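Residue numbers (my numbering), protein chains in the order written: chain P, 27 to 320; chain E, 39 to 404.
Cβ coordinates follow ideal geometry from the N, Cα and C atoms, glycine included.
In this text, all values refer to a predicted model and were calculated from it rather than measured experimentally.
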């Protein structure tokens, strides 16, 4: 029972990071219809940038803020240079441009920082585990989860109460109508990439604190895909729920299934789940079912 | 797009002639010349290293042909085709090394050719299994199942369970004389190259012929609009699965060829990067054209080689360049894919077609 609860709590906390990155993914998809396969490499860039800042003596909170600012700049630049011409092109072009971007980011990050594993030194979070009842939680998970929750609330408030967030919502709902009401859709596209860079960068930095920083961080970009499919591509609450569910699933598999099926089942489990889930509910829990006509 | 302008005085009088491969004697002559260059010129004239490069081009092109069939002709976007190459490669390796072949077959050197066929069949069936979700899902959702195919096949099954023979997740040694065709063991540079050339020519012919049949036209109808195709009486599900089988079989043959060109089989030869690379290859070459797959493969491999040659002199001043050359190459290819999508969306095949047409009427193009 204790093992089960521990696994569950860890799953929820790791799932929080997945949820954050999944949110960034869904924002891009809702605003511009781009299916982004470069998310993992965006987390890689964000994680390396924040590591670099932290190693040069900047306190971690400031690191996070600076990563956000650099993320905004990178997002705008990426959108303007690579994606501006391709909005509304066939699915394959849009997906492959993100694949090209992912090659580019991955190659650049590895070229600059090298393939060896980096750690945050001195450790950002305290080492002693926190005891809640019979549970003991590693503080890295706990603080990461708090950061994630804070960021999620901030983003929700941004979408709901600011002018920019509302214009993004309008574009996601109906692009033509938003254009006719004077919303700058180009701004919205750039903003959505910026938000994705922010969420993935922070998610990457937090995960790097947990696991150490190397190329495997970009696996986050793949785990996000089952999460968004589970919640439905169009749904922001769906992305958050999906992220947490995938986190729980991954940890549960790691605890209970690995002994029967040794090897890398923990990382593959979300994909097996994805294939089975899609057979029964291809549009996710809250996604829109698209009706096609000739 | 791929239609060639005919010279003055040539007219087609039947549909069969219109669909013919060699529409004028000159084209037939050019193709024979090309065949001569591929089968005789390259192995006799090029140094060994560049023959190896040509082999890589052919291997990439063989993989890309299956992807071209799925993406360019049936609009089934697949980002996991490397998995099926891996299945073919492992089938062939396992059969060559562990199957109790009767001695006469081994003496005749038929074991390896038979495993190529078996690899094609098994890989095709494996591809059909992962193609089954196409009955219910389309577009991005379907792409995700192909990604899942890659991870389930290569990262789980092959890495953890198949390669375990001889240690967990290790490479399987292939003795240099294991791959034998007739009296020739596939060693050195030239023999794998010739095997590649023969297989690639066969596969191009099979693809080109398939596209002229009823099945091929059905695939193209599905590509253009699958709902309209189903109203015309084409069984969309059946034809999609057929496309998966053919594409998977091609990948399997490509993988089985890889056995002859490597000394150890390892799951690291088939990362997700390979699957993405194959799609990048057909994007660069041109979607919906067979020679696009070959052009794209040649472009991809040659750019990598020239990049390496260009970087070598820099290494004296900046040793880091050579150390992380793979990463530099990845970054450059990413930029190339983005640039092609933005500036040359029809790919190299379209440019080739334009150049050919220009010289068709040159110098009096009016």
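Quick one: using the 10 Å Cβ neighbour count with 16 as the cut-off for buried, is residue i buried or exposed?
i: residue 49(E); result: exposed
i: residue 299(E); result: buried
i: residue 394(E); result: exposed
i: residue 399(E); result: exposed
i: residue 71(P); result: buried
i: residue 88(E); result: exposed
i: residue 35(P); result: buried
i: residue 75(E); result: exposed
i: residue 277(P); result: buried
i: residue 68(P); result: buried
i: residue 323(P); result: Given that chain P is displayed from residue 27 to residue 320, the structure contains no residue 323(P) and the question cannot be resolved.
i: residue 286(P); result: exposed
i: residue 264(E); result: buried
i: residue 205(E); result: Low per-residue confidence applies at residue 205(E): pLDDT is 49, beneath 50, and the placement is therefore not dependable, though the value from the model is reported in the following sentence. So residue 205(E) counts as exposed.
i: residue 392(E); result: exposed
i: residue 132(P); result: buried
i: residue 136(E); result: exposed
i: residue 302(P); result: exposed
i: residue 57(E); result: exposed
i: residue 270(E); result: exposed
i: residue 306(P); result: exposed
i: residue 229(P); result: buried
i: residue 354(E); result: exposed
i: residue 351(E); result: exposed
i: residue 135(P); result: buried
i: residue 110(P); result: exposed
Out of the options, which has the shortest C-alpha to C-alpha gap to residue i?
i: residue 331(E); options: 146(E), 245(E) and 368(E); result: 245(E)
i: residue 146(E); options: 89(E), 232(E) and 219(E); result: 219(E)
i: residue 141(P); options: 239(P), 84(P) and 158(P); result: 239(P)
i: residue 77(E); options: 193(E), 229(E), 127(E) and 211(E); result: 229(E)
i: residue 262(P); options: 152(P), 306(P) and 313(P); result: 313(P)
i: residue 236(E); options: 154(E), 315(E), 111(E) and 83(E); result: 154(E)
i: residue 117(E); options: 293(E), 165(E) and 280(E); result: 165(E)
i: residue 221(P); options: 182(P), 75(P), 200(P) and 267(P); result: 182(P)
i: residue 243(E); options: 56(E), 69(E), 54(E) and 45(E); result: 69(E)
i: residue 126(E); options: 321(E), 195(E) and 288(E); result: 288(E)
i: residue 58(P); options: 95(P), 184(P) and 116(P); result: 116(P)
i: residue 219(P); options: 155(P), 124(P) and 269(P); result: 124(P)
i: residue 56(P); options: 33(P), 73(P), 81(P) and 113(P); result: 113(P)
i: residue 167(P); options: 224(P), 231(P) and 205(P); result: 231(P)
i: residue 81(E); options: 138(E), 227(E), 350(E) and 111(E); result: 227(E)
i: residue 211(E); options: 302(E), 173(E) and 306(E); result: 302(E)
Sorry if obvious, but does the Cβ on residue i come closer than 7 angstroms to a heavy atom of the ligand MN?
i: residue 262(E); result: Because no ligand of any kind appears in the structure shown, any question about the ligand MN cannot be addressed here.
Report the neighbours of residue i on chain E: residues whose CB is nearer than 7 angstroms to its CB, in chain order.
i: residue 23(P); result: Only positions 27 to 320 of chain P appear in this structure, which leaves residue 23(P) out of reach.
i: residue 148(P); result: Going along chain E, no residue has its Cβ under 7 angstroms from residue 148(P), so there is no contact; the nearest lies around 28 angstroms.
i: residue 134(P); result: 369
i: residue 30(P); result: What residue 30(P) touches in chain E: nothing, since even the nearest Cβ is about 25 angstroms away.
Name the chain P residues whose beta carbon is nearer than 7 angstroms to that of residue i?
i: residue 383(E); result: 119
i: residue 321(E); result: 122
i: residue 366(E); result: 133 and 137
For residue i, which residues in chain E fall below 9 angstroms Cβ to Cβ?
i: residue 128(P); result: 314 and 372
i: residue 291(P); result: 194 and 198
i: residue 85(P); result: The contacting residues do not exist; residue 85(P) stays about 30 angstroms from chain E at best.
i: residue 301(P); result: 168, 171, 182, 183, 186, 187 and 190
i: residue 140(P); result: 358, 361, 362 and 365
Residues of chain P with CB under 8 angstroms from residue i, in chain order?
i: residue 376(E); result: 108, 123, 126, 127 and 130
i: residue 380(E); result: 108, 111, 112 and 123
Which chain E residues are close to residue i, counting only those with a beta carbon under 8 angstroms from its beta carbon?
i: residue 298(P); result: 186 and 190
i: residue 251(P); result: 182 and 185
Q: With 7 angstroms as the C-beta to C-beta threshold (strictly closer), list the residues of the stretch 91-117 of chain P near chain E in chain order.
A: 108, 111, 112 and 117
Q) Fully enclosed by the stretch 54-120 of chain E, which alpha helix (DSSP H) runs are 4 residues long or longer? A) 63-74, 80-83 and 86-105
**Q.** Entirely enclosed alpha helix (DSSP H) segments - the stretch 174-210 of chain P, minimum 4 residues
**A.** 189-199 and 201-206
**Q.** Whole runs of the alpha helix (DSSP H) within the stretch 169-200 of chain E, excluding any shorter than 4 residues
**A.** 177-188
Q: Quick one: which residues of the stretch 60-71 of chain P get their C-beta closer than 7 angstroms to a C-beta of chain E? List them in chain order.
A: 61
Q.
Tell me which residues of the stretch 163-197 of chain E have at least one Cβ-Cβ distance to chain P shorter than 8 angstroms, keeping chain order.
A. 171, 174, 175, 177, 178, 179, 181, 182, 183, 185, 186, 189, 190, 193, 194 and 197
Q | Every unbroken alpha helix (DSSP H) inside the stretch 267-331 of chain E [4 residues or more] | A | 274-299 and 310-323
**Q.** Uninterrupted alpha helix (DSSP H) stretches inside the stretch 93-165 of chain P (no shorter than 4 residues)
**A.** 117-139
Q: For the stretch 352-396 of chain E, list the alpha helix (DSSP H) runs that are entirely contained and at least 4 residues long, ordered along the chain.
A: 358-361 and 363-381
Q) Whole beta strand (DSSP E) runs in the stretch 214-254 of chain P with 3 or more residues, listed along the chain? A) none
Q | chain E contacts made by the stretch 155-169 of chain P, where a contact means CB separation under 9 angstroms | A | none
**Q.** Proximal residues, the stretch 332-364 of chain E versus chain P, C-beta separation under 7 angstroms
**A.** 362
Q: Taking only beta carbons into account, state which residues of the stretch 104-126 of chain E come closer than 9 angstroms to chain P, listed in chain order.
A: 109, 113, 115 and 117
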